[in-house]
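Following this note's numbering, the numbering of the sequence shown begins with 12 at its first residue and continues without gaps. Glycine residues also receive a C-beta, built at the ideal position from the N, C-alpha and C atoms. Since the model is a prediction, treat every value here as computed from it, not as a measurement. Notes to accompany the following structure.
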Amino acid sequence: MADAGDNPTTGRDYRDTVFLPETPFPMRGGLPQKEPLILEQWGDLYATLRRQRQAEGAPLYVLHDGPPYANGDIHIGHALNKTLKDFVVRSRFLLGYDVDYVPGWDCHGLPIEWKIEEQFRAKGRRKDEVSKAEFRQACREYAAGWIDVQREQFKRLGITGDWAGRYATMDFPTEAAIVAEFHKFKNSGQLYRGSKPVMWSPVERTALADAEIEYHDHVSPTVWVKFPVTGATDGHPDELLSFRSSTPSVVIWTTTPWTIPANRAISYGPDIAYGLYEVAAMEEGLEFEPWARPGDRLILADKLAEEVFKAAKIAAWTRVCDLNPSGLECAHPLAPLSPGYGFSVPLLAGDHVTDDAGTGFVHTAPGHGADDFEVWKAHGHHEVPDTVDPDGAYYPHVPLFAGLKVLETEGKKTGKFGPANPAVIEKLIEAGALLARGRQEHSYPHSWRSKAPVIFRNTPQWFIRMDRPLEDDGTLREKALAAIDATDFHPAGGKNRIRSMVEGRPDWLISRQRAWGTPLAMFVDKETGQPLHAPEVDARIVAAIAEGGADAWFTRPDADFLGAHDPDRYEKVEDILDVWFDSGCTHAFTLEGREDTRWPADLYLEGSDQHRGWFQSNLLEGCGTRGRAPYEAVLTHGFTLDENGEKMSKSKGNTTDPATVIKESGADILRLWVALVDYAEDQRIGKQILQTTVDAYRKLRNTVRYLLGALAGFDEAERLPYDRMPPLEKFILHRLWELDRDVRLAYESYRFQDVIRPVLEFCSNDLSALYFDIRKDSLYCDRPDADRRRAARTVMDEVFLRLTAWLAPLTPFTMEEAWTTRFPDAGTNCARVLPDTPGEWRNPDEAERWAGVQTVLEIVNEALEAARRDKRIGGALDAWPVVTGPADAFAPFEGLDAAEVFRTSGAELVAGGDAVTVDVQLADHPKCARSWRRVPDVGSDPDYPDLSARDADAVRWMDDARAAG
Numbered sequence: 012m013a014d015a016g017d018n019p020t021t022g023r024d025y026r027d028t029v030f031l032p033e034t035p036f037p038m039r040g041g042l043p044q045k046e047p048l049i050l051e052q053w054g055d056l057y058a059t060l061r062r063q064r065q066a067e068g069a070p071l072y073v074l075h076d077g078p079p080y081a082n083g084d085i086h087i088g089h090a091l092n093k094t095l096k097d098f099v100v101r102s103r104f105l106l107g108y109d110v111d112y113v114p115g116w117d118c119h120g121l122p123i124e125w126k127i128e129e130q131f132r133a134k135g136r137r138k139d140e141v142s143k144a145e146f147r148q149a150c151r152e153y154a155a156g157w158i159d160v161q162r163e164q165f166k167r168l169g170i171t172g173d174w175a176g177r178y179a180t181m182d183f184p185t186e187a188a189i190v191a192e193f194h195k196f197k198n199s200g201q202l203y204r205g206s207k208p209v210m211w212s213p214v215e216r217t218a219l220a221d222a223e224i225e226y227h228d229h230v231s232p233t234v235w236v237k238f239p240v241t242g243a244t245d246g247h248p249d250e251l252l253s254f255r256s257s258t259p260s261v262v263i264w265t266t267t268p269w270t271i272p273a274n275r276a277i278s279y280g281p282d283i284a285y286g287l288y289e290v291a292a293m294e295e296g297l298e299f300e301p302w303a304r305p306g307d308r309l310i311l312a313d314k315l316a317e318e319v320f321k322a323a324k325i326a327a328w329t330r331v332c333d334l335n336p337s338g339l340e341c342a343h344p345l346a347p348l349s350p351g352y353g354f355s356v357p358l359l360a361g362d363h364v365t366d367d368a369g370t371g372f373v374h375t376a377p378g379h380g381a382d383d384f385e386v387w388k389a390h391g392h393h394e395v396p397d398t399v400d401p402d403g404a405y406y407p408h409v410p411l412f413a414g415l416k417v418l419e420t421e422g423k424k425t426g427k428f429g430p431a432n433p434a435v436i437e438k439l440i441e442a443g444a445l446l447a448r449g450r451q452e453h454s455y456p457h458s459w460r461s462k463a464p465v466i467f468r469n470t471p472q473w474f475i476r477m478d479r480p481l482e483d484d485g486t487l488r489e490k491a492l493a494a495i496d497a498t499d500f501h502p503a504g505g506k507n508r509i510r511s512m513v514e515g516r517p518d519w520l521i522s523r524q525r526a527w528g529t530p531l532a533m534f535v536d537k538e539t540g541q542p543l544h545a546p547e548v549d550a551r552i553v554a555a556i557a558e559g560g561a562d563a564w565f566t567r568p569d570a571d572f573l574g575a576h577d578p579d580r581y582e583k584v585e586d587i588l589d590v591w592f593d594s595g596c597t598h599a600f601t602l603e604g605r606e607d608t609r610w611p612a613d614l615y616l617e618g619s620d621q622h623r624g625w626f627q628s629n630l631l632e633g634c635g636t637r638g639r640a641p642y643e644a645v646l647t648h649g650f651t652l653d654e655n656g657e658k659m660s661k662s663k664g665n666t667t668d669p670a671t672v673i674k675e676s677g678a679d680i681l682r683l684w685v686a687l688v689d690y691a692e693d694q695r696i697g698k699q700i701l702q703t704t705v706d707a708y709r710k711l712r713n714t715v716r717y718l719l720g721a722l723a724g725f726d727e728a729e730r731l732p733y734d735r736m737p738p739l740e741k742f743i744l745h746r747l748w749e750l751d752r753d754v755r756l757a758y759e760s761y762r763f764q765d766v767i768r769p770v771l772e773f774c775s776n777d778l779s780a781l782y783f784d785i786r787k788d789s790l791y792c793d794r795p796d797a798d799r800r801r802a803a804r805t806v807m808d809e810v811f812l813r814l815t816a817w818l819a820p821l822t823p824f825t826m827e828e829a830w831t832t833r834f835p836d837a838g839t840n841c842a843r844v845l846p847d848t849p850g851e852w853r854n855p856d857e858a859e860r861w862a863g864v865q866t867v868l869e870i871v872n873e874a875l876e877a878a879r880r881d882k883r884i885g886g887a888l889d890a891w892p893v894v895t896g897p898a899d900a901f902a903p904f905e906g907l908d909a910a911e912v913f914r915t916s917g918a919e920l921v922a923g924g925d926a927v928t929v930d931v932q933l934a935d936h937p938k939c940a941r942s943w944r945r946v947p948d949v950g951s952d953p954d955y956p957d958l959s960a961r962d963a964d965a966v967r968w969m970d971d972a973r974a975a976g
């Protein structure tokens, strides 16, 4: 505006009379440099906020932290998770709650064990050459170091919580609490030792629970194997085993040839139709000699027979007769090669058998499959063969294959399948038992830690029963399902997901054969095999671990714990607890026994994979010991992918490092990205997406900066009451009322996207494009005591107070900078509670009015832009548009100055026609040297001949004030 060159009459430079925005708040954020300074100013922000809320008598809100693993720098998944939790913490403080949030770490388990094994190997020492005490101490120190690193990385991200009181599953009191929780299961009868096939990782040399398994595509060898029939009951045709025909064979199909030495039975489906088939002819012109021969007799499911013949290159066949497999007995296919396989192989009815694929028969190795084990036991068999050792190699007693490895566990081939599969296939060929072979890509279980394939292996383990009735009635499964139904899930689909998992899950496998973890600290009677139930022994165990950590269990003599009980009678169990049991107990030692918190928590918040992990382990632990879940609500988020929607991988080079984003752009940019995404789904991040986030941040920052500049010097004396507000201000206050309602609801229901996106739209559409633009002339040029200017600054004050509050949980650094820029002595912005919004601000009539105004305004703006492009006007103040249209289109303009709305020097509204049209005419009046408006009253004041009447009045007021000062 005011430019001395525009005033040929007086020559006065009016620029110093224009009230331009003034603020030290810079346009550029400089967040990487400013944020650490703000963190330093905050100090222990969390403790400050809790003291203040408790002094105010605020209601308590509890967010319980799911522990990240203390191993390595934080990645983008950590950043997303912890930022969402910080949104919850800060927004609940903003809503007036006292918030309990204790960050924690999961410290036990295999990843750290591996790292320590590598360290000892680098020093030339094998793990078995290191004492348990030394090994565990090295693990403890390693985890402690990463806790320190990750804590500082989380704090740099702006995460607020009780860092001084953080929990870790390896702390001595914590390990004691975990053991005490384990004892509750032991003493309630829910614990038992069973020998059955479990997921076993030869690479990690331990059993794995379902939650530790992930599935990847894998190519396996497939074999169709013939089991010669050696016996049949009277109900079968006499000629079935007649010497006049070849011996029939039951055909099985499997993708795990290495389990054939462990075969003890064949399962069939009682409701499946089977037939006896005779091979008539083989395919011709083959490059290899097939293993089938004309005259061979094969027993197959009718539905699958043709597929089997195709795989075996059989061109023609005859179906001899129906055949019921019940009562048949077979020889083991390797029996011709070793007397060790000279046992009979019975056929067993099993509901798990289908005719969807394979042959309609299931090769049954009870030591290597859950269904195999169950059907074997159901038919009265008790002995389960041990075929494969903990390293994934055949035991020495296994005929033909002793020592061969199913999986490689050392060297460059670690995790790859070993020589067992090809060796078994070769022996089947040698025995004449192979009908066909192939390869199949399918989903195969892998350890989520080592990424190596796992096997089913029979081994004694400790389990928690899911279906045994408890003392207070109901089973653990029933209690867990009831607890799920009583829990709120965000998003709601999480309820069905975890419910289906709990409905079908097996008993909880809780024992592991490792060194670094919390032990199953109990004694077992050598004669009965039952755990010792002695409260005084349990108490001594817990006290010793509380004092010396879990190491005490391994280093102190049994007599220290057993007291009057005979040590020779009892076996000390040295397995360690599943790490999911560890973290499943976090509620017990974090929410119970501490002041200023409560059990259960209001919310658990983790990734959607934790439906089978932490959510479920806490659910089962809570229901098994307290009869309910330790949470009222569960919130889940998706996973973070790259910009192309692909999984991030260091090998692909498509990762986004949160530390790099913070260093280059600032933590608030990363936090704003989290706020903008739909966290319930998988999100994407990368350079282009982050640039979009930076653009959104600039809009927010510039909005706040404009408000700070426009409000320079504002005080309460200037505030204008609502009843004197112009229509535009009442509309903006109505929008504040709407947004305040929506923001509160969004924060209360954890919909952070529904906070930031409407606020961004408000800043862009209602403020920048409408309100700021219209009121710019008034702010800059009205005299300070004018109602219109006072109204604008009053409303902008209300906008500032709410924007800095609404956005404080999401972009706390920027809002803190803005708040302290304006109110340096008012304390931290983070301590504020959302200000109340007067009900009188609700004004749907003004909202309807301004919707109509903006419809016309868009048409006028298009016409003005076209006139600018055509160089008919230089700017909007050169124009005096004549707008013609239906009378009802102009009804919203009643009581408004159309020129003010259009930001032109003048305007005329003419009723007529069916549509709104605009004739952009020139404003044919002198130009005000201060506001640049071309209006008729320029020169009407003889003291200021080059100013409009409004500007002359403002300058006179200012000149008088300066003269009086």
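For residue i, which residues of its own chain have a beta-carbon under 8 Å away from its beta-carbon, when the five flanking residues on both sides are left out?
i: VAL417; result: PRO213, TRP269, VAL399, GLY403, ALA404, TYR405, PHE428, GLY429, ALA431, ASN432, ILE466
i: SER660; result: THR666
i: ASP228; result: GLU452, HIS453, SER454, TYR455
i: LEU31; result: GLY720, TYR791
i: LYS710; result: LEU771, CYS774, SER775, SER779
Taking the continuous beta strand (DSSP E) assigned at residue i, which residues delimit it?
i: LYS1023; result: Absent from the model: residue 1023. The displayed extent of the chain is 12 to 976, so no value can be given.
i: TYR80; result: First-last for TYR80: undefined, no H or E at that position.
i: PHE354; result: It is not in any beta strand (DSSP E) - PHE354 carries neither H nor E in the DSSP assignment.
i: LEU287; result: 285-293
i: GLY515; result: Unbroken run through GLY515 is the alpha helix (DSSP H), 504-515; no beta strand (DSSP E).
i: TRP328; result: 325-333
i: MET969; result: Not the beta strand (DSSP E): MET969 falls in the alpha helix (DSSP H), residues 960-975.
Select from the options the residue whose C-alpha is nearest the C-alpha of residue i.
i: ARG551; options: PRO849, GLU452, ALA570, GLU603; result: ALA570
i: PRO737; options: ILE785, ASP899, ALA887, ILE509; result: ILE785
i: LEU781; options: ALA463, PHE763, ALA803, LEU701; result: ALA803
i: LEU1040; options: SER662, LEU681, LEU631, GLY697; result: A question about residue 1040 goes unanswered here, because the residues of the chain that appear run from 12 up to 976.
i: ASP109; options: GLU851, GLU394, ALA837, VAL73; result: VAL73
At which residues does the alpha helix (DSSP H) containing residue i begin and terminate?
i: PRO433; result: 431-441
i: GLN764; result: 764-772
For residue i and residue j, which I take to be in contact (beta-carbon distance under 8 Å), what is that distance rounded to the nearest angstrom?
i: ILE521; j: PHE592; result: 5 Å
i: GLU340; j: GLY443; result: With 8 Å as the limit, GLU340 and GLY443 do not qualify as a contact, their Cβ atoms being about 19 Å apart.
i: ILE475; j: GLN161; result: Contact flag wrong, Cβ pair sits at about 31 Å.
i: THR815; j: MET807; result: Not really, about 12 Å apart at Cβ, beyond 8 Å.
i: THR370; j: LEU359; result: The Cβ separation is near 15 Å, so there is no contact.
Note down, in chain order, each residue of its chain lying with its Cβ closer than 7 Å to the Cβ of residue i, except the 5 sequence neighbours on either side.
i: THR244; result: GLY338
i: ALA656; result: In the sequence as presented, Ala is not what sits at residue 656; that position holds Gly. So the list reads ARG695, once near-sequence residues are dropped.
i: ARG567; result: ALA555
i: GLY353; result: ALA346
Using a Cβ-Cβ cut-off of 6 Å (strictly less than) and excluding sequence neighbours within five positions of residue i, which residues of its own chain qualify?
i: PRO578; result: ASP569, ALA570
i: ALA323; result: ALA303, LEU446, ALA447
i: GLY426; result: VAL214, ALA463
i: TRP372; result: Rather than Trp, the amino acid found at residue 372 in this sequence is Phe. Taken in chain order, the residues that qualify are VAL261, ILE263, ILE277, TYR279.
Cβ-heavy atom distance between residue i and the ligand FAD below 7 Å?
i: ASP607; result: Within the structure as shown, the ligand FAD is missing, as the structure has no ligands at all.
At least 3 beta-carbon pairs within less than 8 Å: the stretch 60-80 vs the stretch 734-744: Output reads no: the stretch 734-744 does not touch the stretch 60-80.
Contact the stretch 891-902 vs the stretch 865-881: 3+ CB pairs below 8 Å: They touch, by the three-pair rule.
Contact the stretch 43-59 vs the stretch 598-615: 3+ CB pairs below 8 Å: Between the stretch 43-59 and the stretch 598-615 there are fewer than three inter-stretch CB-CB distances shorter than 8 Å, so the stretches are not counted as touching.
Validate contact between the stretch 636-653 and the stretch 611-627 using beta carbons, cut 8 Å, 3 pairs: Judged by Cβ distances under 8 Å, the stretch 636-653 makes contact with the stretch 611-627, as three or more pairs qualify.
Stretch pair the stretch 104-117 + the stretch 78-92: three plus CB contacts closer than 8 Å: Counting C-beta pairs with one atom in each stretch, the stretch 104-117 and the stretch 78-92 have three or more that are closer than 8 Å, which means they touch.
The stretch 537-545 in contact with the stretch 488-497 per 3-pair CB rule at 8 Å: Contact between the stretch 537-545 and the stretch 488-497 is absent: fewer than three C-beta pairs spanning the two stretches fall below 8 Å.
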